[in-house]
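This report refers to the structure that appears directly beneath it.
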Amino acid sequence: MRQMIFPSLALAAMALTHTPLWAQDDTEARLEQARGAVQQFAQSLQNELKTAVEEGGPVHAIDVCSQRAPEIAQEISDSTGIQAGRTSLQLRNPDNAPDDWERDVLNAFEERLAAGEDPKTMEHHEVREDDGGWQIRYMRAIPAGELCMTCHGTEVRYDVEQALLRKYPDDQATGYSEGQIRGAFTLVQPM
Ligand code: HEC
């Protein structure tokens, strides 16, 4: 329990750091952009995954997921200037590892879930100074739904499990149940 309390305190402390007035004015509009980008990312990926599972089966869909997720993120970045990705506390692809800030937010999401909050609308943002410039960072929880169970659930089919392990030998992203938080979209937008 002691470990679980720390992220909230860390986040509260970060939120208290000084934000310039101009950045505060800008924040709401940028948040709306970030929410739009997440929706686009989630919708495109979910549609493509669903089609791939239905038409080619789950083993084929693994390749679609691993190729298309970074491509869709790149498309969003090209069209909006927002850097987008996915991360998790239990990774499939180690390239998606969270940085310290993202890990704190993911831990805080788990606390919020445990406190009864709906993961479908769970988000967190912060205006921060980083790498010499101001930026807004935004994260949105990704709940595990029915479609996800095929490749992230507790009873993953044998051929799917084998295909996942071939591609991701350190896969930690199975064993989820519906309603848990599978991970989060994570966005960085320069201000
Ligand atoms: C067909 C198999 C498949 C299905 C179905 C699937 N995923 Fe994945 N998922 C993957 C693969 C493969 C990766 C690794 C992608 C990569 O290389 O970036 C992944 C990675 C992720 C990640 C990035 C973090 C990490 O562990 O690398 C998240 C978040 C995620 N999936 C959420 C979901 C959610 C939510 C659903 C249901 C809507 C879902 N996935 C359905 C195969 C699947």
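Going by mature numbering (1 follows the signal peptide of the UniProt record, and there is no 0), the letters in the sequence shown line up with residues -23 to -1, 1 to 168, in that order.
Every residue, glycine too, gets a C-beta built ideally from N, C-alpha and C.
Determine the DSSP secondary structure at valine 165, reduced to helix, strand or coil.
strand
Distance check for valine 133 and aspartate 147, CA to CA, integer angstroms please.
In a straight line, the C-alpha of aspartate 147 is about 16 Å away from that of valine 133.
Arginine 143 burial status per 10 Å Cβ neighbour count (16 or more: buried):
exposed
Report the three-state DSSP secondary structure of valine 104 (helix, strand or coil).
Strand, per DSSP.
Which partner residues of tryptophan 78 appear in the DSSP bridge assignment?
Paired residues: none, contrary to the question.
Quick one: grab the DSSP three-state call for glycine 62.
In the structure shown, glycine 62 sits in a strand (DSSP, three-state: E or B).
Helix or strand or just coil, what does DSSP make of proline 146?
coil
Inter-residue Cα distance where the pair is tyrosine 115 and glutamate 106
14 Å
Answer yes or no: the CB of histidine 102 versus the heavy atoms of ligand 1, is any distance below 7 Å?
Every heavy atom of ligand 1 is 7 Å or more from the Cβ of histidine 102, so no.
Can we count serine 21 as close to ligand 1, meaning its CB is less than 7 Å from some heavy atom?
no
For alanine 111 and glutamate 103, what's the separation of their Cα atoms in angstroms?
With the sequence shown as reference, residue 111 is identified as tryptophan, and alanine is not the correct amino acid for it. Straight-line Cα distance between these residues: approximately 10 Å.
For glycine 152, three-class secondary structure by DSSP:
coil
Is residue 169 near glutamine 166, with beta carbons less than 8 Å apart?
This structure does not reach residue 169, given that the chain is present from -23 up to 168, and the question cannot be answered.
Would you be able to state if there are at least three C-beta pairs under 8 Å between the segment 41 to 49 and the segment 12 to 29?
yes
Are isoleucine 49 and leucine 164 closer than 8 Å when you measure CB to CB?
no
C-alpha gap between glutamine 16 and histidine 129, whole angstroms:
21 Å
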